[in-house]
Amino acid sequence: MQAMEADMTTVYVVKTGEKFLCTAEGGDIGMAPEVKEATSFLSYEEADKVAHEHADPGYEIVAVDIKRR
């Protein structure tokens with residue numbers, strides 16, 4: 064089980080309603096329909112700071128476990 068945990072990392076995404084905060088190519092902040100397109104943050108605090116600046120009230124910070132490659 065420990066080996067499996069070592070291959071996983073947790074990132075945080077911002078969810079607003081049914082969409083997720085994302086960063087466009089030019090650096091603009093937008094909304095993505097799927098979590099796989101969302102901008103991910105390495106800390107809850109970083110996600111919350113960006114969400115506070117760019118997301119609608121009522122946003123959620125969602126923890127996502129991803130497999131490292």
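To get this note's numbering, take the position in the sequence shown, counting from 1, and add 63. Note that the Cβ used here is the ideal one computed from N, Cα and C, for glycine as well.
* Asked: In or out: residue 87 buried (at least 16 other Cβ within 10 Å) or exposed?
  -> Against the sequence shown, residue 87 aligns to sequence position 24. It counts as exposed.
* Can you tell me where the beta strand (DSSP E) with residue 78 in it begins and where it stops? -> Here residue 78 refers to the residue found at position 15 when the sequence shown is read from its first residue. Element bounds for residue 78: 71-79.
* **Inter-residue Cα distance where the pair is residue 121 and residue 99** => Along the sequence shown, read from residue 1 onward, the residue named residue 121 stands at position 58. Along the sequence shown, read from residue 1 onward, the residue named residue 99 stands at position 36. Between residue 121 and residue 99, the C-alpha separation is close to 21 Å.
* Find the nearest neighbour of residue 101 within the set 79, 112, 108, judged by alpha-carbon distance. => Stepping through the sequence shown from its first residue, residue 101 is reached at position 38. Comparing Cα positions, the closest option is 79.
* residue 83 beta carbon less than 8 Å from that of residue 94 -> The count along the sequence shown starts at 1 and reaches residue 94 at position 31. The count along the sequence shown starts at 1 and reaches residue 83 at position 20. Taking 8 Å as the Cβ cut-off, residue 94 and residue 83 qualify as a contacting pair.
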